[in-house]
Amino acid sequence: MELTKIHTDFPLLSRKVHGKPLVYLDNGATTQKPQIVIDAITDYYTEYNSNIHRGVHHLSQLATEKYEVARKTIQQFIGAQFSHEIIFSPGTTSSINLVASSWGRANVSADDEVLISAMEHHSNIVPWQMLCEEKGAKLKVIPMNDNGELIMEQFESLLSSKTKIVAINHISNTLGTINPVEKIIAMAHDKGSLVLVDGAQSVAHMPIDVVSLNADFYVFSGHKLFGPTGVGILYGKEAILNEMPPYQGGGDMIKSVSFEKTTYNELPHKFEAGTPNIVGGIGLGKAIEYINEIGFDFIIEQESQLKNAATKMLESIEDVKIIGQAKQKASVISFAINGFHPLDVGTILDQLGISIRTGHHCTQPIMDFYNIPGTIRASFAFYNTLEDIAKLRAGILTAKTMLS
Amino acid sequence: MTIEEIEREIVNEFDLFESWLEKYEYLIELGKDLPLIESSEQTDENLIAGCQSRVWLHAKLAEGLLVFTANSDAIITKGIISLLIRVLSNQNAADVLGAELKFINEIGLTEHLSPTRSNGLVSMVKQMKNYAYTFSNTK
Ligand SMILES: Cc1ncc(COP(=O)(O)O)c(C=O)c1O
Numbered sequence: 008m009e010l011t012k013i014h015t016d017f018p019l020l021s022r023k024v025h026g027k028p029l030v031y032l033d034n035g036a037t038t039q040k041p042q043i044v045i046d047a048i049t050d051y052y053t054e055y056n057s058n059i060h061r062g063v064h065h066l067s068q069l070a071t072e073k074y075e076v077a078r079k080t081i082q083q084f085i086g087a088q089f090s091h092e093i094i095f096s097p098g099t100t101s102s103i104n105l106v107a108s109s110w111g112r113a114n115v116s117a118d119d120e121v122l123i124s125a126m127e128h129h130s131n132i133v134p135w136q137m138l139c140e141e142k143g144a145k146l147k148v149i150p151m152n153d154n155g156e157l158i159m160e161q162f163e164s165l166l167s168s169k170t171k172i173v174a175i176n177h178i179s180n181t182l183g184t185i186n187p188v189e190k191i192i193a194m195a196h197d198k199g200s201l202v203l204v205d206g207a208q209s210v211a212h213m214p215i216d217v218v219s220l221n222a223d224f225y226v227f228s229g230h231k232l233f234g235p236t237g238v239g240i241l242y243g244k245e246a247i248l249n250e251m252p253p254y255q256g257g258g259d260m261i262k263s264v265s266f267e268k269t270t271y272n273e274l275p276h277k278f279e280a281g282t283p284n285i286v287g288g289i290g291l292g293k294a295i296e297y298i299n300e301i302g303f304d305f306i307i308e309q310e311s312q313l314k315n316a317a318t319k320m321l322e323s324i325e326d327v328k329i330i331g332q333a334k335q336k337a338s339v340i341s342f343a344i345n346g347f348h349p350l351d352v353g354t355i356l357d358q359l360g361i362s363i364r365t366g367h368h369c370t371q372p373i374m375d376f377y378n379i380p381g382t383i384r385a386s387f388a389f390y391n392t393l394e395d396i397a398k399l400r401a402g403i404l405t406a407k408t409m410l411s
Numbered sequence: 062m063t064i065e066e067i068e069r070e071i072v073n074e075f076d077l078f079e080s081w082l083e084k085y086e087y088l089i090e091l092g093k094d095l096p097l098i099e100s101s102e103q104t105d106e107n108l109i110a111g112c113q114s115r116v117w118l119h120a121k122l123a124e125g126l127l128v129f130t131a132n133s134d135a136i137i138t139k140g141i142i143s144l145l146i147r148v149l150s151n152q153n154a155a156d157v158l159g160a161e162l163k164f165i166n167e168i169g170l171t172e173h174l175s176p177t178r179s180n181g182l183v184s185m186v187k188q189m190k191n192y193a194y195t196f197s198n199t200k
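Pasting the structure below:
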């Protein structure tokens, strides 16, 4: 695979920011889009825009077919058994809210427990907090050690017959930790608990097989996967989804409606009320076709090279401390520079055309754990280069000189 | 000097800078010299919740004029605050309330005003005007 060829697949990567060539290192927040995804979006609006699942006319059938092909592409991408286990949603956050609301309200009652971890994104904290508050259930937190690894012994002792669901991220967006979800799922199942995996940070970086993981729910966002914003996925096991009450009411999710009684449509439509993000779904399908072409062998090799080089580079700079030193770690690197506020460093880097993220990354409990106001985070994708890392190094040195 | 006169002065100063680097070096210098808030005033009550950097702001009335002191944990934020204080401190409340602060645009720091910057500048200006409003009503 040619890196220069890959670079040209992503038109935005060749733009300038503040007059300098862009160095895009904020892939954890969102990834850039390859031309074929952008083309698919244009194509939809110029060639066959129409509503799906409804019209007998040609365009509607065309759009429906493309949307459903995308669903199948996504199904195969994560190794799901059936395409109706793939529910389109607006994104990770919405998928988690759907499960907390629909499955949660039906299955969690007073004194039950919901387990999350100390390194969850706010999206995987707040919906469960709301559920627990409503039901009088308890939210319990799996602690982590200073390296940013979950303490599995503590997890084991927190698990009990009261645990109804464990909601856990696959890869931490702040620390880069790759959590042992396969083990977590097996342990939770042993106690009769379900597991929801927040895959927002994992799907673009490693192959996922929901069946071999045995995940009950697996959720992610299209925009972190080289696809459009506003579309994401809830994967759920067929039997569990079938048992769940509908989430939102409206068109498409019904079988028949009268003022006396409504019967609900089958999966996946039961959870897809209203006109969905059609172009988003189709774009996401295209993004996955693109990833399939690149292949995870290449992606993993490239990103692990970037991770190692960036780690070494950061360790070589005085006063830089990497936050999150898990043994199993993805190409997401948070760091702090002793004596400097992350925002100041981020502001200088931005002037140099380097896009990194600063702040708490929607994980305030992690900041509290390390007692820091925020971190500087560089998160890589396969299109990043060693040159980007060299520029980051130069940028950090400039920032240090200017700020001290 | 009036608010607008000070603004013009700042714009003229910034016109001398040839690159962003000099501009930010100047802001950082200003940040270091910021008239610090009394530690007794650096309280949670005086904290303006920006998203990423913390900003403390205190205001009092001295001889009929508003006097601001402030601090932040981020140095560039402090530099920007120090410009704001230079413009708005020691002015009467009505003038502070009416200030348009066009200089922020003119010296090319508008991006710090966008909500995504989350550095508390927007909230800072708002809070300064809130003080002005309160003091102009208590007179
Ligand atoms: C681990 C994790 N979970 C959830 C989310 C929320 O994703 P979205 O904003 O696309 O719903 C993110 C995105 O920042 C994330 O990194």
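Residue numbers (this note's numbering), protein chains in the order written: chain A, 8 to 411; chain B, 62 to 200.
Cβ coordinates follow ideal geometry from the N, Cα and C atoms, glycine included.
Which of helix, strand or coil DSSP assigns to residue i
i, result
"serine 80/B", "coil"
"tyrosine 254/A", "coil"
"aspartate 119/A", "coil"
"glutamine 152/B", "strand"
"alanine 185/A", "A small correction: the amino acid at residue 185/A is isoleucine; alanine does not occupy that position in the sequence shown. Isoleucine 185/A falls in the strand class under three-state DSSP."
"lysine 147/A", "strand"
"aspartate 50/A", "helix"
"proline 97/A", "coil"
"asparagine 176/A", "strand"
"alanine 385/A", "strand"
"isoleucine 295/A", "helix"
"lysine 12/A", "helix"
"lysine 23/A", "strand"
"alanine 337/A", "coil"
"arginine 61/A", "coil"
"leucine 359/A", "coil"
"alanine 211/A", "coil"
"tyrosine 242/A", "strand"
"leucine 170/B", "coil"
"isoleucine 195/B", "What sits at residue 195/B in the sequence shown is threonine, not isoleucine. In the structure shown, threonine 195/B sits in a helix (DSSP, three-state: H, G or I)."
"lysine 262/A", "strand"
"alanine 123/B", "strand"
"isoleucine 165/B", "helix"
"proline 28/A", "strand"
Contacts around residue i, its chain only, beta-carbon distance under 6 angstroms, and the 5 residues preceding and following it disregarded
i, result
"phenylalanine 84/A", "Ile295"
"alanine 333/A", "Asn154, Gly155, Glu156 and Thr184"
"aspartate 351/A", "Leu410"
"serine 386/A", "Asn34, Gly35 and Val339"
"threonine 71/A", "Ile59 and His60"
"glutamate 192/B", "Here residue 192/B is tyrosine; the residue named in the question, glutamate, does not match the sequence. These residues qualify, in order along the chain: Ala120."
"leucine 313/A", "Ser338, Phe387 and Asn391"
Distance cut-off 7 angstroms: residue i Cβ against heavy atoms of ligand 3
i, result
"threonine 99/A", "Only ligand 1 can be found as ligands here, which leaves ligand 3 out of the picture."
7 angstroms CB neighbourhood of residue i in its chain, flanking five on each side removed
i, result
"isoleucine 150/B", "According to the sequence displayed, residue 150/B carries serine and not isoleucine. Within the same chain, serine 150/B has close Cβ partners Leu127, Val128 and Phe129."
"glutamate 279/A", "Ile94, Phe95, Asp259 and Met260"
"leucine 69/A", "Tyr55"
"threonine 100/A", "Ser130"
"alanine 113/A", "Met251 and Pro252"
Cβ-based burial, residue i [other Cβ within 10 Å; buried from 16]
i, result
"arginine 61/A", "exposed"
"serine 219/A", "exposed"
"alanine 193/A", "exposed"
"arginine 22/A", "exposed"
"glutamate 66/B", "exposed"
"glycine 366/A", "buried"
"alanine 117/A", "exposed"
"leucine 359/A", "buried"
"asparagine 176/A", "buried"
"glycine 292/A", "buried"
"lysine 244/A", "buried"
"glutamate 83/B", "exposed"
"serine 102/A", "buried"
Proximal residues to residue i (C-beta, below 8 angstroms), its chain only, five neighbours per side dropped
i, result
"histidine 129/A", "Cys369, Thr370 and Gln371"
"valine 24/A", "Asp357, Gly360 and Ser362"
"phenylalanine 17/A", "Gln39, Lys40, Pro41, Gln42 and Tyr390"
Contact between the region 327–346 of chain A and the region 107–119 of chain B is defined here as three or more beta-carbon pairs at a separation below 8 angstroms; is this criterion met? no
Quick test of the definition: if touching needs 3 or more C-beta pairs under 8 angstroms, does the region 162–171 of chain B touch the region 67–75 of chain B? yes
Cβ contact check for the region 235–253 of chain A and the region 97–116 of chain A: 3 or more pairs under 8 angstroms: yes
Would you check if the region 128–143 of chain B and the region 382–396 of chain A touch, i.e. whether three or more CB-CB distances between them fall below 8 angstroms? no
Within 8 angstroms, do at least three Cβ pairs link the region 9–19 of chain A to the region 201–212 of chain A? no
Okay, do the region 87–102 of chain B and the region 388–402 of chain A touch, 3+ Cβ pairs below 8 angstroms being the bar? no
Could you check whether the region 116–126 of chain A touches the region 259–277 of chain A, counting it as contact only if at least three pairs of C-beta atoms, one from each stretch, sit closer than 8 angstroms? no
Taking 8 angstroms as the cut-off, does the region 216–232 of chain A touch the region 283–301 of chain A (at least 3 CB pairs, one atom from each stretch)? yes
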